[in-house]
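Some notes on the structure that comes next.
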Amino acid sequence: MGAKAAAPGDEGEPQGWQTDRSKAPVATKIVVAGGFGVGKTTFVGSVSEITPLRTEAVMTVASEGLDDLVAIPEKATTTVAMDFGRITLDAELVLYLFGTPGQKRFWFMWDDLVRGAIGAVVMADTRRLTECFPALDYFESCGLPYIVAVNHFEGTARYAPEDVREALSLPSYVAVVDIDARRRESVVDALLTLVRQALDAAPA
Amino acid sequence: MTLTHPLPLRVPDRAAVGRRPARVRPYSLTGGRHRFGHVLRVETFVAALDDPGEWPEPVTGGLAALLMPEVRAIIGLCRRLRSVAEVSALLKMPLGVVRVLLGDLADQGRIRVYGIGYGGCRPDRALLERVLSGLSRL
Ligand SMILES: Nc1nc2c(ncn2[C@@H]2O[C@H](COP(=O)(O)OP(=O)(O)OP(=O)(O)O)[C@@H](O)[C@H]2O)c(=O)[nH]1
Ligand SMILES: [Mg+2]
């Protein structure tokens with residue numbers, strides 16, 4: 001079921017549930033957020049049964065509260081791309097993974113995305129740790145369970161998960177995991193950690 | 001051991017906890033209309049109800065009437081069950097536009113919108129357990 005090499009948009013063989021229109025599986029989702037180039041699409045692609053697909057949303061740029069966009073004239077529109085993948089967990093359960101950029105100006109998209117989500121994986125690159133701060137602030141503000149996944153790029157210094165936790169001022173129940181987004185097992189482990197944490201936080 | 005630089009420190013915005021972040025409205029062709037009562041999340045499944053050939057009359061009213069080629073493409077794609085995000089990605093149409101078109105088509109009985117499978121805002125424990133066991137079988 002791993003991601004096979006395929007042309008973009010090539011979905012491969014349909015899953016059984018796709019051809020039976022009398023009923024639909026339960027659809028659920030996990031959000032993967034982080035700065036540019038941190039490995040979001042790689043993460044999604046490592047476990048997705050389809051080549052990650054790209055969807056776009058168009059936003060109007062309001063001038064207030066968007067200090068990183070002051071250079072853009074009023075009423076300008078900008079397009080935000082989001083990559084996603086899919087995992088059929090069983091005949092009646094499908095998990096979507098949505099990779100989305102972490103900058104504050106994309107928060108408008110997240111309101112929609114986080115509704116009904118299991119939780120979020122915030123990807124961090126220790127060379128550019130500040131880029132994951134807005135995502136942490138956002139998920140904390142809306143109470144969505146999240147974990148921090150630290151990607152290690154070749155030739156970069158390694159930090160212990162505890163040092164990352166301290167720098168990010170994370171509460172103790174938030175997991176910090178080292179991952180390699182290119183490895184399927186590593187990504188599956190991160191997802192398991194998130195779902196367990198969401199379960200711990202869910203009301204009985 | 002590599003010599004490591006100290007990591008930058010984050011000061012969490014404690015006041016923000018529980019406060020909804022400020023919101024910028026997504027732009028849509030219809031100027032932000034929210035007419036449809038259907039729940040069309042990115043992961044919501046939709047499927048065509050009929051073959052276009054069997055439709056008694058052309059689509060009337062709404063954005064769908066103005067965008068017949070797009071509508072045909074959606075119906076064609078939805079011979080298989082698709083999520084809203086898949087329709088948007090495979091037809092290269094922005095999410096906002098796809099949502100409005102699917103809403104119109106659902107109103108007109110051409111598209112079925114499936115329930116998301118759980119009410120409320122968060123998946124419940126039973127669902128989380130199922131996801132957990134599904135993931136551990138991978
Ligand atoms: N060493 C290492 N490289 C990685 C890892 N994850 C991703 N990469 C590489 O980092 C680069 C960027 O990865 P992407 O998955 O495209 O990152 P992204 O976050 O989707 O990027 P944008 O969508 O452009 O913001 C690619 O060349 C990946 O091969 C990782 O865990 N370890
Ligand atoms: Mg990407």
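Chains as they are written, first to last, in the UniProt record's numbering: chain X, 1 to 204; chain Z, 1 to 138.
Ideal Cβ positions, reconstructed from N, Cα and C, are used throughout, including at glycine.
Every value quoted in this text rests on a predicted model; they were computed, and no experiment measured them.
Using 7 Å as the threshold, is the C-beta distance between residue 7 of chain Z and residue 192 of chain X below it?
No. Outside cutoff.
What residues in its chain sit with their C-beta under 8 Å from that of residue 153 of chain X, if we drop five residues either side in the sequence?
Excluding residues within five positions, the ones whose Cβ falls inside 8 Å are 125 and 127.
Given that residue 74 of chain Z touches chain X, what residues does it touch there, using C-beta distances under 8 Å?
Simply none; closest approach about 14 Å.
State the Cα-Cα distance for the pair residue 5 of chain X and residue 88 of chain Z, rounded to the nearest angstrom.
Caution is warranted here: a pLDDT of 42 is assigned to residue 5 of chain X, below 50, making its placement in the model unreliable, and no coordinate value can be reported.
Using 7 Å as the threshold, is the C-beta distance between residue 120 of chain X and residue 139 of chain X below it?
In this structure, residue 139 of chain X lies closer than 7 Å to residue 120 of chain X by Cβ.
Looking at the C-beta of residue 199 of chain X, does it have a partner C-beta in chain Z at a distance below 7 Å?
Interface with chain Z (7 Å Cβ-Cβ cutoff): residue 199 of chain X is included.
For residue 130 of chain X, count the other beta carbons within 10 Å of its own beta carbon; 16 or more makes it buried, fewer makes it exposed. Which is it?
Under a 10 Å Cβ-count criterion, residue 130 of chain X is classified as exposed, with fewer than 16 other Cβ atoms of the shown protein chains found around its own Cβ.
Beta-carbon contacts of residue 36 of chain X that lie in its chain and below 6 Å, excluding the five residues immediately before and after:
Once the five neighbours on either side are set aside, residue 36 of chain X has no close Cβ partner at all.
Using the rule of at least 16 other Cβ atoms within 10 Å of the residue's Cβ for burial, across every protein chain shown, is residue 23 of chain Z buried or exposed?
With a pLDDT of only 43 at residue 23 of chain Z, under 50, the local geometry of the prediction cannot be trusted, and no value is derived from it.
How far does the alpha helix (DSSP H) with residue 229 of chain X in it reach, from first residue to last?
Within the shown structure, residues of chain X are numbered from 1 to 204, placing residue 229 of chain X beyond reach of any answer.
Where does residue 205 of chain X fall in DSSP's three states?
Here chain X covers residues 1 to 204 and nothing more, so residue 205 of chain X does not appear.
Using a C-beta cutoff of 7 Å, does residue 103 of chain Z count as contacting chain X?
Residue 103 of chain Z does not count as touching chain X.
Ligand 2 heavy atoms versus the CB of residue 83 of chain X: any closer than 6 Å?
Because some heavy atom of ligand 2 lies under 6 Å away, the Cβ of residue 83 of chain X counts as near it: yes.
Let me know the secondary structure DSSP gives residue 88 of chain Z once reduced to three states.
Helix at residue 88 of chain Z.
Within 10 angstroms of the Cβ of residue 83 of chain X, are there 16 or more other Cβ atoms? Answer buried if so, exposed if not.
Burial call: buried.
In three-state terms, what does DSSP make of residue 146 of chain X?
Residue state, collapsed to three classes: strand.
Taking all protein chains shown into account, decide if residue 100 of chain X is buried (16 or more other Cβ within 10 angstroms of its Cβ) or exposed.
Buried, by the Cβ-count rule.
If the cut is a Cβ gap below 8 Å, which residues of chain Z does residue 173 of chain X touch?
Proximity of chain Z to residue 173 of chain X at the Cβ level (cut-off 8 Å) is not reached, the minimal Cβ distance being about 14 Å.
Same chain, Cβ closer than 8 Å to residue 49 of chain Z, neighbours up to 5 away in sequence not counted
Its chain contains 109, 110, 111 and 112 as the residues whose beta carbon lies nearer than 8 Å to that of residue 49 of chain Z, once the 5 sequence neighbours on both sides are disregarded; these appear in chain order.
Is it true that the region 91-100 of chain X meets the region 10-29 of chain X, where meeting means three or more beta-carbon pairs spaced less than 8 Å apart?
Under the Cβ criterion (8 Å, minimum of three pairs), the region 91-100 of chain X counts as touching the region 10-29 of chain X.
Exposure label - residue 162 of chain X; buried when at least 16 CB within 10 Å:
Residue 162 of chain X is classed as exposed because its beta carbon has fewer than 16 other beta carbons within 10 Å across all chains shown.
Between residue 40 of chain Z and chain X, is the shortest Cβ-Cβ distance under 7 Å, so that the two count as touching?
By this cut-off, residue 40 of chain Z is not an interface position.
Can you give me the Cβ contacts of residue 36 of chain Z inside the same chain, cut-off strictly under 6 Å, excluding the 5 residues immediately before and after it?
In this prediction, residue 36 of chain Z scores a pLDDT of 48, lower than 50, which makes its location untrustworthy; the coordinate-derived value is nonetheless stated afterwards. Contacts found: 103.
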